[in-house]
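Chains as they are written, first to last, in our numbering: chain A, 1 to 1069; chain B, 1070 to 1266.
We treat Cβ as the ideally placed atom computed from N, Cα and C, and that holds for glycine.
Notes follow once the structure below has been shown.
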C-alpha cells in the first residue's frame, strides 16, 4: 500500500503531512479497492485480522457513538471496542472527533458500520495516516519496502531480529498481503494512466532506434552512443520500474553526444527531460527533473549538443535535396523556378511530418497481416499506436517472407546437392544476410527519411484492389500460384521451364502479379538473381521486368532488397542479362527510395559503364547487342536521374560525355532516353556545363528537327534548362537552333512540347542577339497569340519570353499592335507565383512606352500591380514594385491616381520593413516616384517613411543603396523631412556611399546630399564625415547633372561656413 | 607437352590445317591448340581440364559428338563438337541440343523422353497424393507449349520454333552447353599457349 499511496495517488500538495487526496478518477478507484480489501479482510484472513498494529491508525471521523452497536462499550460520546489486545487496551477507541483503530478486524467492522460514509472514512484514514504500513507493521518494514531488489531476504532478517514476537509468521503474511494489495493498486492505476499518455512508448522507441542508427554512421555520426538503462521491456513498452511508470516514465536513456558530456535522459509521457543521472536501474534518488521539458528526444538533443543540431539538419537536408522535380509536368519546370521559386517545404515542416508520414504509409492495412499481431489492447487508444503497429506488421511480413525464402533455399540446396553443386549455393547466404540487415528499424528509417516526397512524384500507395473473396479469383491466379510452388521445388532446369510457363500468362494483369507476390514468388524470383544460373536469372528478370510496371510490385521489390541483386547483375558478362537488369531497374526506379538504393549500391556507376560502347559507323550483330545494352542502361539512368543526387552521380561517373556520344546515334528509341536523361541532368549547373563543353548543344539543336514529338520535347526542355548560361544561348543561335524552336510553336496541341519550346525561347531571348533573330521569325505575334487558353506551364514561359523581348523598344510597340497588352494585364489576376513574377516583369517593360501605358491605365493595371504588393512571395512583391515604377513615370496623373488608392501608400511604406534586399530596393524606387507628388509625399511622410528610410541607410547592398539614395533625395522635398533625416542619422552613412565603386550610386547620393545640405545641421554632419573632399573629386564627372549636384552641395556647405563666420566675426574672412 | 616430337608437331600442324578448313568458328592456330588438348586427353587421363568439359561425361553429349556412331570421338569430331560448344550460332546450338534431347534418336522428343529427362528436376512433395504430380504437370505444360503442330511429340521444327520464340528453352531439358563464363575460361586456357612458338 505504501508505494501506491505515495506514488499513484494524487495528492493536493506534494509535501507529505496533511495533504488531501484529490477527487480524481484514479484516487476514487484506489480508494474503492482499498475499501473492498479492508471490508473482506476479516472474513478472508481471520488470523491476520487479529494482528494488533504496532501503532493505532488514527483519524478524525464523522462517525458518532450512535453508529456503534454491539461489541462496543458506549459511554456518552466515547466508544471502546470490547475486543482488547493482550495488555487489555481496546482495539478501537472513539473520542470524537478522533478515532483509533488497531487491527484489521476492527477496521473491517468499522467500514461496515460506516455504510455510505465508507469511502469518506477510508479517505480520511489514508489522508491522516500517510504511511499506514509503518503504523501497522512498524517502521522497520517500511524501509524493507523501499529497497526493491532482494527485499525478501531482508524481510526475513527483519523478522528474525524481531524474534520475540511470536506472531512473526503472521506479520510476514500480513506484510505480503499488503504488498500484494500495493502491487494490485499500482498495476490498476497504471492501466488507467497509460490510457491517457501523451508520449507513447512506441514513439519513444522509434525515436531511440532512429537515434541509434545515427550513432553508427562513421564520419556522419552525430552521436556517440544511445542506450537504455534497462534491457527489460514491459508488455506496455515501458522500461522503467512499475512505480515509476505510474509517474509516466517510459524509459531512461544514457546518450553520449559527440561534443558534450553524457546526458541522462528520462522519457516520460509528459515529455523528455534530463534527470539526475540514472546510470543503472533502481537509482532512486536521480529521478527528479533537472532540465526543462522537451517534446521529443531530437529537440532535447538539439538544445544540448550543437554538433547534433548541426548534423541532424544535414541528415534531413540530404533528404530534402531530392525534393525538387516532383511537379507533375517535369519536363517543363524551369531551372530557376527550382532555384528561386516556389517555397519548398521547410525543414521544420518536414521534420514534423516524418512521423505523420510514416503513419500514413502504414495505415493502408494489408489484409491478412492485420489479425496476426495485435499490440496490447491497452495501447489501442486512437492516434497512439498507428506507427507502432505498422512497423510491427511489417516486421511480421518480412519475417514470414524470410522464413519462407529460407525454406526454399534449403530445399533447393538439398535437391541440387544431388545434381549440380553450385546451383543456388551462393544465393542463400546472400539474401538471408541482406534481409537481416534490413531490420524493421531499417525499414522504418528508410521510409521516415527518404520517402518524404515520393508519393507526390509518383504513385501514392494505392489501396489494393483485389476481389473480396477467394472464390472470385480467376483461374490464372491459382495456376500462377501453383507455378510459384513448382519454382520453389525445382532445380535449374525445372526453374527455367516454370519461368517460361509463367511468362505465358499476361503478367501485366494485376491478378497475376498478386498471385506471384502472395505465394512468395517475388522472394524466389529475387533469390534467383543471386544464383550463378544465368538462364534462371534471365528468366526471372524477364518476369520482374513485366511486373515492375506496377507500383506495388516496385515497392515490394525494393523492400525485399531486389535492387541490390539487380545492380550486381549489371556486372555480368552476359549481355542479355545486363540489358534485362537495366531495364528492370529502369522500371523499379520510379520512386525516390529505389533511386537512392541504386545509387548507394553503386548502380549509377555500373549503369554508366554500360553506355561505354565503341563508336562505330556500321556495327556488327554483336555490337548491335552492345547498343541495346547501352539503350537499357540509359533507360535506367533516365529513371534514376530524377533525383538530384543521382544527377551529380551520373556526372561524376563520367556519364555526360558518354550520353553525348550516344546522342550521335541515329536510333530514335535510343535518343529519347538519352535526351530525357540529359534534360533531367540539366537542372544541375555542373551538368549543364558538362553538356555545353562536350559540344552537345549542336546535337541537341540538330535533334530538335526530328519528327518525334517526345524527342523534340526533351530536346527543347534540355535547351530550356541549359540556356540559363549565356554561352549556351549563343551556341543555340550559332547552330541555327532558333528557327526550329519557332517552328515548334505551331504544335499547339502538344502542351508538354509547347511548354518546353516556349521555355527554350524564353531563356534564349535573354540574349539580345537572339531576340533580334526571333524578330525575324515574327515570334512576338505567335507568342501573343499563346497568351490565352494555354495551361500555366506554357503561360509562364510565354510571358517570360515576352518580358525579355520587351526590353527592346521596338518590340513593345509590336506587342501592343498584336493586342498583347490586354491579355498580359489580365494575367495579373492569376495566383501562380512564377507566372506573376514574369507577368509583372513583362507589364513593367511594356509600361515604359507611353502608348502602352494608356492601355494599361485603361485596364486599371496599376491597381492590379499594386495589389500584388500584398502577395506573400517576395519575388512577386519586388517584381510588382519594379513594374510600378515605369507605370508611375508614364501615366498622366500618377499623383492623383495614387491618392485614391485606399491604403495603398501605407502598404508600400510598410514594405520597407521587409528583410528582402530586392523588395527593399524596388520599394525605394517606387517611393522615389511617389515622392514626386507633393500630396502623396505628405501622406507617406505621415506614414513614417523618413525614419524607415533612414534606418536602411546602413546597408551595404549597392543596388539598394542607389534606390535608397534616390528615395531620400525625393523625400526631402516635404516639410521638415530634411531635418528629420539628419536627426534619424541618415546623413553620415550616405556620405560613405560616395566611397563605393559604383558610379550610379554616386549620382543618386550626390542628389540626396544636395537636398539634405539645405538643412544647416546636415551640412555640419557631412562636413564632419569628410564629404567635401569626396564631392570635389566628383565634380570632374562627365555627367553635367551629377557635376551640378556635387557642386551645389559643396556650395551649400560653404555658404553655411561663410554665414557662420559672418555671424561670429561680422565679416567674411 | 614438351616431349612432343618434331614429327608429331608436323603432323598436328597439317591436321590442323585440314580440319580448320572444314570446321567453322576456329582458325588454324586454335584448331592446333584443340588437337593438342585432345591428344593430351588421350595420352594422359589425368590432364586437368576445366570443369565445363566434365559435361562430356554425359552420354548424350558424347553421342552427339560421335557423329559416325563408332563409339569413339575422332579428333575431327572433337573439334567439330567443340566448335558448336564454344562458338556455335543459335542454329547450330538448336540442332545440337535437339540431338542431345532426342534420346532414342528417332527425330522426335516424346513425352516419355521429356519426363525421363526431367524426372529429378523437382523435389517430390511427399504429402501429395501423387508425389510425381508436380513434375508430370510441368512436363504437360511444357509439352503443350512447344508442340505447335499438336501431334503429341516434339519435332525438330517444334523445338526450333519454341527456342526462337524464347531463347531460354534452348536447354529446356537439362544443361548441355557451357555457360558464357565457362566458355571464356576454357578458351583462355586452351588457346593461351600457341604451339611451335
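{"Item": "Residues of the stretch 603-636 of chain A whose Cβ lies closer than 9 Å to any Cβ of chain B, in chain order", "Value": "none"}
{"Item": "Any chain B beta carbon closer than 7 Å to residue 574(A)", "Value": "yes"}
{"Item": "Residue 1191(B) to residue 300(A) span [Cα, whole Å]", "Value": "59 Å"}
{"Item": "Unbroken alpha helix (DSSP H) run spanning residue 263(A), endpoints", "Value": "Where residue 263(A) is concerned, there is no enclosing alpha helix (DSSP H), although the beta strand (DSSP E) it sits in stretches over 263-268."}
{"Item": "Where residue 1243(B) meets chain A, residues with beta-carbon distance less than 8 Å", "Value": "493"}
{"Item": "Burial state of residue 1181(B) (16 or more Cβ within 10 Å)", "Value": "exposed"}
{"Item": "CB contact check: residue 1168(B) to chain A, cutoff 7 Å", "Value": "no"}
{"Item": "Under 7 Å from the C-beta of residue 504(A): neighbouring residues of chain B", "Value": "1214"}
{"Item": "Run of the alpha helix (DSSP H) containing residue 48(A), from where it starts to where it stops", "Value": "46-49"}
{"Item": "Opening and closing residue of the alpha helix (DSSP H) in which residue 655(A) lies", "Value": "655-662"}
{"Item": "Partner residues on chain B for residue 497(A), Cβ-Cβ distance less than 7 Å", "Value": "1207, 1211, 1241"}
{"Item": "Reference residue 34(A), options 189(A), 235(A), 96(A), closest by Cα", "Value": "189(A)"}
{"Item": "Own chain, CB closer than 6 Å to residue 309(A), minus 5 neighbours either side, in chain order", "Value": "302"}
{"Item": "Alpha carbon of residue 46(A) to alpha carbon of residue 127(A), nearest angstrom", "Value": "26 Å"}
{"Item": "Runs of alpha helix (DSSP H) lying entirely within the stretch 898-923 of chain A, each at least 4 residues, in chain order", "Value": "904-910"}
{"Item": "Interface partners of residue 545(A) on chain B, CB under 9 Å", "Value": "What residue 545(A) touches in chain B: nothing, since even the nearest Cβ is about 14 Å away."}
{"Item": "Among 123(A), 49(A), 221(A), 77(A), nearest to residue 137(A) - alpha-carbon criterion", "Value": "49(A)"}
{"Item": "Helix, strand or coil at residue 625(A) [DSSP, three-state]", "Value": "helix"}
{"Item": "Identity of the residue in 643(A), 583(A), 660(A) nearest residue 1074(A) by Cα", "Value": "Coverage of chain A is limited to positions 1 through 1069, which leaves residue 1074(A) absent and any answer about it impossible."}
{"Item": "Contacts of residue 562(A) in chain B (Cβ-Cβ under 8 Å)", "Value": "In chain order: nothing, as chain B lies at least about 20 Å away."}
{"Item": "Where residue 771(A) sits in the DSSP three-state scheme", "Value": "helix"}
{"Item": "C-alpha gap between residue 191(A) and residue 298(A), whole angstroms", "Value": "28 Å"}
{"Item": "Residues that residue 521(A) contacts on chain B, provided the C-beta gap is smaller than 7 Å", "Value": "Within chain B, no residue comes near residue 521(A); the closest Cβ sits about 16 Å away, beyond 7 Å."}
{"Item": "Exposure of residue 508(A), with buried meaning 16 or more beta-carbon neighbours within 10 Å", "Value": "exposed"}
{"Item": "Contact residues within the stretch 1171-1194 of chain B, judged by C-beta distance below 9 Å to chain A", "Value": "1186, 1187, 1189, 1190, 1191, 1192, 1193, 1194"}
{"Item": "Interface residues of chain B facing residue 501(A) [CB-CB closer than 8 Å]", "Value": "1207, 1210, 1211, 1214"}
{"Item": "Rounded straight-line distance, which links the Cα of residue 845(A) to that of residue 772(A)", "Value": "17 Å"}
{"Item": "Same chain only: Cβ atoms within 6 Å of residue 709(A), ignoring 5 sequence neighbours per side", "Value": "750, 753"}
{"Item": "Residues from the stretch 1245-1256 of chain B in contact with chain A, defined by Cβ distance under 8 Å", "Value": "1248, 1249, 1250, 1253"}
{"Item": "Cross-chain neighbours of residue 1238(B) in chain A, by beta carbon under 7 Å", "Value": "500"}
{"Item": "Distance, residue 187(A) Cα to residue 286(A) Cα", "Value": "23 Å"}
{"Item": "Among 1165(B), 1224(B), 1249(B), 1198(B), nearest to residue 1179(B) - alpha-carbon criterion", "Value": "1224(B)"}
{"Item": "Three-state secondary structure (DSSP) of residue 1191(B)", "Value": "strand"}
{"Item": "Exposure label - residue 1110(A); buried when at least 16 CB within 10 Å", "Value": "For chain A, the structure presents residues 1 to 1069; residue 1110(A) sits outside this window and is missing."}
{"Item": "Beta carbon proximity, residue 1235(B) to chain A, threshold 7 Å", "Value": "yes"}
{"Item": "Inter-stretch contact (C-beta, 8 Å, three-pair minimum) for the stretch 1195-1206 of chain B and the stretch 1223-1239 of chain B", "Value": "no"}
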